[in-house]
Amino acid sequence: MSNDFNLVITFEAGFENYRYVYSILLDVLGDFSVVDSAPSIILLRVEDPYRAIELFRKKSGEIRMIYRVIPIDSVVEPYVEDVAEESWRLADKKIPIGRTYRVTLSGRLYWKETGLPAHSLDAIRVIASNIDRPVSLKHPAYVVHVRSIKIYGRRRVASVTVTESSNILSIAAPISRNSNSYT
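Numbering (our numbering), first residue to last: 25 to 207.
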C-alpha cells in the first residue's frame, strides 16, 4: 500500500476550528498537501514528518485546538497481522536494543482471516509479541503508535509509527480519549 499521508493532525471538531487549524498549518509548515480530512482529523503529506514535529514544537505555546501531531512511518491495511508485521519491522530497525517501548492503539483493527473486529488488548498483544525490547507503560523511551483511520470517507487504513515518545506531540488535551495503551 502506498503511503499517501505521513502526518496526522487531530484537533477540536468544528468547521471554524478546521479553518483555524488550517491557518496554523500554513503558518507552521508552509508547504504541505492535505490528503484527506474529517471533522477532527487532517491527514497531510509533508516533506519530512519528523521535521514538522520540531516546527510544531517551537510554536506549541501559541497553538490552540490542536490535540496531537503524529508523524507516520507507514500505512498498511487495518488487519492486526499486517500492522504487527510492519510494527516488528520498524521496531527492529528503530528501537535500540535495551530501550523501552509501549504499544498505543487508537481505533479498531480487524483479523485478516475473518474480517471481524479485534479486541484492542488482543491486537496490542499480537503487535508486541515479536518486539524483543523491554516494555514500559508509564515512561517508555519509544512508542509503537497505531491508529486506524477512515480515509476518503469509506476506506479504513492503519498508520504505524515507531518513534521516540517525544516525537508524538501532544499540544492540547482532548476532552475524552478513545485510545488504549497496553502490552
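Each residue gets a CB set at the ideal place from its N, CA and C atoms; glycine is no exception.
- Secondary structure at VAL70: coil, using DSSP grouped into helix, strand and coil.
- Looking at the DSSP output, LYS174 shares a beta bridge with ARG180.
- With fewer than 16 other beta carbons inside 10 angstroms of its own, TYR176 counts as exposed.
- Between the segment 146-164 and the segment 106-126, the count of Cβ pairs shorter than 8 Å is three or higher; the stretches touch.
- Counting along the chain, ARG43 sits inside the alpha helix (DSSP H) bounded by residues 39-52.
- Within the segment 106-154, the runs of beta strand (DSSP E) that reach at least 3 residues and sit entirely inside it are, in chain order, 125-130.
- Taken through DSSP and simplified to helix, strand or coil, SER84 comes out as helix.
- Its chain contains no residue whose beta carbon lies nearer than 6 Å to that of ARG113 once the 5 sequence neighbours on both sides are disregarded.
- In this chain, the beta strand (DSSP E) harbouring SER98 covers 98-100.
- The Cβ-Cβ distance between TYR91 and THR128 does not fall below 8 Å.
- Per DSSP, the continuous beta strand (DSSP E) segment holding ILE33 begins and ends at 31-35.
- Look at the beta carbons and you see the segment 101-110 touching the segment 133-145: at least three pairs across the two are nearer than 8 Å.
- In this structure, SER160 sits near ARG126, with a CB-CB distance shorter than 8 Å.
- Counting along the chain, SER57 sits inside the beta strand (DSSP E) bounded by residues 57-62.
- Here SER189 has PRO164, VAL167 as same chain residues with Cβ atoms under 6 Å from its own Cβ, once five neighbours each way along the sequence are excluded.
- By the 16-neighbour rule on beta-carbons within 10 angstroms, HIS169 is buried.
- Each residue's CA atom was taken as its position, placing LEU50 and GLY85 some 17 Å apart.
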